[in-house]
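Working notes for the structure below.
Below is the structure:
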């Protein structure tokens, strides 16, 4: 194959990829719509649409010689054709098979086009055989599925075979990498715009300095002219009285000459200043217009983010033994593609939490007089200031705020438990390590999900809050995000000889406070702002910088304070000087500085100085709500400095040695037991901080061992971690019933999960 043919094939595959992704997305969405049991007329329309999408994908795959994708699509066509003719009925097995078929097509597409991992050799054949077997089982006796030829398929669909879809004439498909490269260049132009503004200010300062000098020079020139006129009236010619007179005459001539020269320079500088200002305005206008146009090019509807969620909701609910439906509104609203990409993980966390912790089982919902199927809603609405609001709500069990308060007290996240109102308690759910889940598993209960959600949304320049979480009433999270990235307003502050930028959206006010007005509240400094007490901390101290040298000119200078807000939090920071606010261009940190505490990015000021952009969420994290945070626990253990003592109950010698090695390497003292009876004997005769136990053991299994531990008054509060091969939902529920604190499945065993669970529990 020639180089030109190879390039053409690559372009053809790129076109096929875009078309195939559109078809797969449409198939998934329509299949979910059919699964909701619509009215018969609507169901027929959905089946027809499914058939057309499968047929089009088959034709496109044939045009690029992807026989395995064509084979699966042809089998999919047969099933959908039988569904159209009412020769087969919808069922759970049908939907599961069709969804798994779409997964297979996605894997094949990733391999052929993106160079992803090679699938199993028989993957396409197995998928086609499952579809054929499903069809054969549903057809009446004496009938067998007949292969559909391409022409017959087209006739059944009422359309000609479709090869590779061509874009409309007024559009063009461009790789997103190229668009993002152009976006970076458009953003870089902003730096030149800011530099032009800085040079304009410098030129203005130079003109002001020249004008001041000219005013002083004009005064000297006037005095020189007065002296010349006085000499002339006295009848003394310029060349009279020898050398001194001639020197004086030359000085007077020089002064008058330089006066004219200064006027010429002043006029010339004024012209340059006007021209520079005009050029700067033109550059700023064009740079802003180019950046805005590039932002619009990179804008995508929220549907690009949300279209895959209904399928994920279905799969997550099915895996949890629940039923849930997702309803989305406002998906046509647009946002920067980069924001949507970064929003995927936080949104999936919220949806997974809604299903895992919120939506009840069908039986429980019926007992509570709720619909059998749970409901999750995502509403996207525009807000002022180029911002977007996203509401994620469910009608599940809600959040028990009393449990949140109790867990926060145990973790030391608050020292004034009784003073926390519901709003403050709701904000605590975002604290790392805080979870009200009755048991830890590999995926939930660690109290990390919502903390990660808030951190990622903070880094996008957004905010998240829990608006509703009453028990039995479901939960609702409110997420506010910028619609676009790049420039924003920042407050420039100085600490000694260093400068920093604070996001203006988090700045509530700037004020000067007399040192006599600083109060001491709970051993911490505070000031009064609008009749409320706000904690005061040194920004230099938070950043680990040395304090500025004292001002020797003033006996008691006032303190310069910036009051920052983040969500429901409010805190005052002492700075050395506020230099003003300005528009800045934000650049994210890159490796090896991908995650630096207290720093969200950097910007370049007009003079070429790189200035850090501070992360307000990190700045406030050391003392949320004015309370001290609990220091991280060390596996070396308690205040007395002793090593934590763990008991491992495991009948397999290999697994027992593996667990013992992992835990001892992490710094724990480990005792082992061969089964449940041996473990119970060790617990009754010794002191342990935590029990790690297998479930399937002779004489006394892990479930019964945990139940006996909970009935013993001395051991009732002992944390228990079950590490087992049993991964069914019923087994996990059994673990909750007997009182286990964590449940880790061996099939997906990761020592980090085990150590995280232990650190969380002790």
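Residue numbers (the numbering used here): 89 to 850. Just so it is clear, CB atoms sit at the ideal spot from N, CA and C, and this is done for glycine as well.
- Message: I believe residue 570 touches residue 475 by the beta-carbon criterion, under 8 Å. Please report the beta-carbon distance rounded to the nearest angstrom.
- Response: About 6 Å separates the two Cβ atoms, so the contact holds.
- Please go through the stretch 365-443 and give each complete beta strand (DSSP E) segment of 3 or more residues, from N-terminal end onward. The beta strand (DSSP E) runs of length 3 or more contained entirely in the stretch 365-443 are, from start to end of the chain, 387-389, 412-417 and 422-424.
- Query: Would DSSP call residue 670 helix, strand or coil?
  - Reply: Assignment of residue 670 by DSSP, reduced to helix, strand and coil, places it in the strand class.
- Rounded separation between residue 855 and residue 464 - CA only: Only positions 89 to 850 of the chain appear in the structure, and residue 855 is not among them; the question remains open.
- Along the chain, where does the alpha helix (DSSP H) that runs through residue 158 open and close? Run containing residue 158: 155-172, per the alpha helix (DSSP H) assignment.
- What is the DSSP secondary structure of residue 805, counted as helix, strand or coil? Here residue 805 sits in coil by DSSP.
- Query: Does the distance from the C-beta atom of residue 364 to that of residue 291 stay below 9 Å?
  - Reply: Yes, the pair counts as a contact, with Cβ atoms nearer than the cut-off.
- How would you label residue 685, buried or exposed, when you count the other beta carbons within 10 angstroms and need 16 or more for buried? By the beta-carbon neighbour count (other beta carbons within 10 angstroms, threshold 16), residue 685 is exposed.
- Message: Let me check one thing: in DSSP terms, what residues is residue 559 bridge-paired to?
- Response: DSSP lists no partner for residue 559.
- Query: DSSP beta-bridge partners for residue 833?
  - Reply: Looking at the DSSP output, residue 833 shares a beta bridge with 812.
- Is there contact between the stretch 380-394 and the stretch 419-427, where contact requires at least three CB pairs shorter than 8 Å? Contact holds: three or more Cβ-Cβ distances are below 8 Å.
- Task: Kindly indicate which three-state DSSP category residue 594 falls into: helix, strand or coil?
- Result: If DSSP states are grouped into helix, strand and coil, residue 594 belongs with the helices.
- By Cβ distance, which residues of its chain are closer than 8 Å to residue 795, with the 5 residues on each side in sequence left out? Counting only residues of its own chain and dropping the five nearest sequence neighbours on each side, residue 795 has a CB closer than 8 Å to the CB of 826 and 827.
- Query: Less than 9 Å separating the beta-carbons of residue 772 and residue 805?
  - Reply: Going by C-beta atoms, residue 772 is not nearer than 9 Å to residue 805.
- Task: Would you mind listing the beta strand (DSSP E) stretches within the stretch 733-821 that are 3+ residues and don't spill past its ends, in chain order?
- Result: You should have 733-737, 757-761, 778-781 and 808-812.
- Message: Tell me the DSSP secondary structure of residue 484 in three-state form.
- Response: If DSSP states are grouped into helix, strand and coil, residue 484 belongs with coil.
- Query: So, is residue 146 buried or exposed, given that buried needs 16 or more other C-beta atoms within 10 angstroms?
  - Reply: Per the 10 Å Cβ criterion, buried.
- Can you list, in chain order, the residues of its chain whose CB lies under 8 Å from that of residue 818, leaving out five sequence neighbours each side? Correct list: empty, nothing qualifies.
- Message: On the CB-based measure, 16 or more other CB atoms within 10 Å of its CB, does residue 43 come out buried or exposed?
- Response: An answer regarding residue 43 cannot be provided, because it is not within the stretch 89 to 850 covered by the chain.
- Message: According to DSSP, is residue 629 part of a helix, a strand, or is it coil?
- Response: Residue 629: helix per DSSP, three-state reduction.
- Where does residue 697 fall in DSSP's three states? In the structure shown, residue 697 sits in coil (DSSP, three-state: anything other than H, G, I, E or B).
- Task: Buried or exposed for residue 455, please, with buried defined as at least 16 other CB atoms from any protein chain shown within 10 angstroms of its CB.
- Result: With fewer than 16 Cβ atoms within 10 Å of its Cβ, residue 455 is classed as exposed.
- Query: The beta strand (DSSP E) with residue 465 in it runs from where to where?
  - Reply: Going by DSSP, residue 465 is part of the beta strand (DSSP E) stretching over 462-471.
- Secondary structure at residue 450, three-state DSSP: helix, strand or coil? The DSSP-derived three-state label of residue 450 is helix.
- Secondary structure of residue 195, DSSP reduced to three states: Residue 195 falls in the helix class under three-state DSSP.
- Task: Evaluate contact between the stretch 481-488 and the stretch 549-562, counting only Cβ atoms and requiring at least three cross-stretch pairs below 8 Å.
- Result: For the pair of segments examined, the stretch 481-488 was found to touch the stretch 549-562: the number of CB pairs separated by less than 8 Å reaches three.
- Around the C-beta of residue 786, are 16 or more other C-beta atoms found within 10 angstroms, so that it is buried, or is it exposed? Burial call: exposed.
- Counterpart residues of residue 615 in DSSP-defined beta bridges: Looking at the DSSP assignment, residue 615 forms a beta bridge with 622.
- Where residue 182 and residue 222 are concerned, what is the direct C-alpha to C-alpha distance, given to the nearest angstrom? Rounded to whole angstroms, residue 182 and residue 222 show a C-alpha spacing of 7 Å.
- Residues that DSSP places opposite residue 652 in a beta bridge: Beta-bridge analysis with DSSP links residue 652 to 595 and 659.
- Message: Would residue 115 and residue 142 qualify as a contact pair, given that the criterion is a beta-carbon distance under 9 Å?
- Response: In this structure, residue 115 lies near residue 142, with their beta-carbon atoms less than 9 Å apart.
- Message: Can you list, in chain order, the residues of its chain with a C-beta nearer than 8 Å to that of residue 312? Leave out the 5 residues immediately preceding and following it.
- Response: In the same chain as residue 312, and ignoring 5 residues on each side of it, the C-beta atoms closer than 8 Å to its own belong to 339, 340, 343 and 344, in chain order.
- Taking just the CA atoms, how far does residue 437 sit from residue 466? Distance between the alpha carbons of residue 466 and residue 437: 13 Å.
- Task: Would you tell me roughly how many angstroms separate the C-alpha atoms of residue 549 and residue 693, rounded to the nearest one?
- Result: Counting only the Cα atoms, residue 693 lies some 20 Å from residue 549.
- Query: Can you give the Cα-Cα distance for residue 108 and residue 410, rounded to whole angstroms?
  - Reply: Looking at the two C-alpha atoms, the distance is approximately 31 Å.
- When the Cα atoms are used, what is the spatial distance from residue 572 to residue 472? Between the C-alpha atoms of residue 572 and residue 472 there is a straight-line separation of about 13 Å.
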